[in-house]
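At position 24 of the sequence shown (counting the first as 1) the number is 220 in the numbering used here, and the numbers step up by one without a gap. Every residue gets a Cβ at the ideal spot worked out from N, C-alpha and C, and that includes glycine.
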Amino acid sequence: MSVSRNTSVIVLTTLVSFSACISTSHAQQTKPDHSESNAAGDDVVPMAEWLEFRKARYVTRPILLHLLNGHERAVLMPEPIRLLDEEQSLPGCAVAIDHDVIGFFPTRTFPRKPIKFLGLDSGTVYELRVRASPDGMQQPLQITR
């Protein structure tokens, strides 16, 4: 196996492990904002095993993230993170953090909203601009610097 394949296997293992442990008390989680009716229902399909990840490089510009309604989507960050502000929320979408993996659990469509995370090693503020719709993606995203 090449180095990049070994890295992909490690990342795949991390994401599969993330889905299994996301409900543990170690995961930081925000509750979805249910101020409007939830047309998609409360169930979110767990993330499947993926062999390939979408990739994005974080420099200074926000990364756009389009979620598929009713489907979990993971984002692998370049370092351990936490929410920059605990008051942040996405409408109809729970957000769970486990070390360097973020899980998004959208239950309905919502327009693009910013959410910021703080890198615990570097102090970098990562901004994602997230939206959800029936045309979104489920494939996990790996962010590098």
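Local Cβ density within 10 Å of residue i, reported as buried at 16 or more and exposed below that
i, result
"L264", "buried"
"L272", "buried"
"G237", "The predicted model places G237 with a pLDDT of 42, which falls under 50 and marks its position as unreliable, so this point remains unresolved."
"E268", "buried"
"D294", "buried"
"P307", "exposed"
"G196", "With the chain covering 197 to 341 only, the question about residue 196 has no answer from this structure."
Limits of the unbroken beta strand (DSSP E) element including residue i
i, result
"H267", "That residue, H267, is in no beta strand (DSSP E); it is neither H nor E in DSSP."
"F307", "According to the sequence provided, residue 307 is Pro. The question's Phe does not apply to it. Taken as a continuous stretch (DSSP letters only), the beta strand (DSSP E) holding P307 covers F306 to G315."
"V340", "One point to set straight first is that residue 340 is Thr, not Val, in the sequence displayed. Segment L337 to T340, the beta strand (DSSP E) holding T340."
"L279", "I277 to L279"
Proximity below 8 Å, CB of residue i to CB of residue j
i, j, result
"L316", "E275", "yes"
"V240", "T303", "yes"
"L286", "K309", "yes"
"Q334", "F249", "no"
C-alpha gap between residue i and residue j, whole angstroms
i, j, result
"T256", "R278", "18 Å"
"L261", "L324", "7 Å"
"L314", "T320", "6 Å"
Residues that DSSP places opposite residue i in a beta bridge
i, result
"G299", "A270 and A292"
"Y322", "F313"
"V241", "H267"
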